[in-house]
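To start, the structure itself, in structure tokens.
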Amino acid sequence: MNWIILILAGFCETGFAFCLGKGNIETGHKATLWYIAFIVALVLSMVLLAIATKTIPLSIAYPVWTGIGAVGTVIVGMLIFKEPASFWKLFFICTLIGSVIGLKLVH
């Protein structure tokens, strides 16, 4: 169950990065709403990470959380913010995914 919570925490990390990006693009009240969503996603991500670390060692949970957030943020950047995709960017994202899976397997 705590692995599911950890995965949700990673998705929230991607969510707060997305909200930060949108807040930087928008102006006025729209930007304010995106920054509020950023804070909500940030707090939710931290709370879920704290819950997950009750049974998953921090040395495993933190890199997995960071990896999920990093991969998700790169994907969001490429798909939504139209950031360029390159062979090497995709290659290293795949190695990061492999590393996260490896950490799950050793726990």
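So the number in this note's numbering is just where the residue sits in the sequence shown, counting from 1, plus 38. Even glycine gets a Cβ: it sits at the ideal position worked out from N, Cα and C.
For a test of the three-state rule: what should DSSP assign to Pro101, helix, strand or coil? Reading the sequence shown from its first residue, position 63 is the one you call residue 101. Look at Pro101 here: in three-state DSSP terms it is helix.
May I ask you to report which of helix, strand or coil DSSP gives Thr70? To locate residue 70, count along the sequence shown from 1; it is residue 32. In the structure shown, Thr70 adopts helical secondary structure according to DSSP, grouped into three states.
Given 8 Å as the limit, is there contact between the segment 130-138 and the segment 72-83, that is, 3 or more CB pairs closer than that? Remark: fewer than three beta-carbon pairs, one from each stretch, lie closer than 8 Å, so the segment 130-138 and the segment 72-83 are not flagged as touching.
Buried or exposed by the 16-neighbour rule on C-beta atoms within 10 Å, applied to Ala88: Along the sequence shown, read from residue 1 onward, the residue named residue 88 stands at position 50. Exposed, since its Cβ has fewer than 16 Cβ neighbours within 10 Å.
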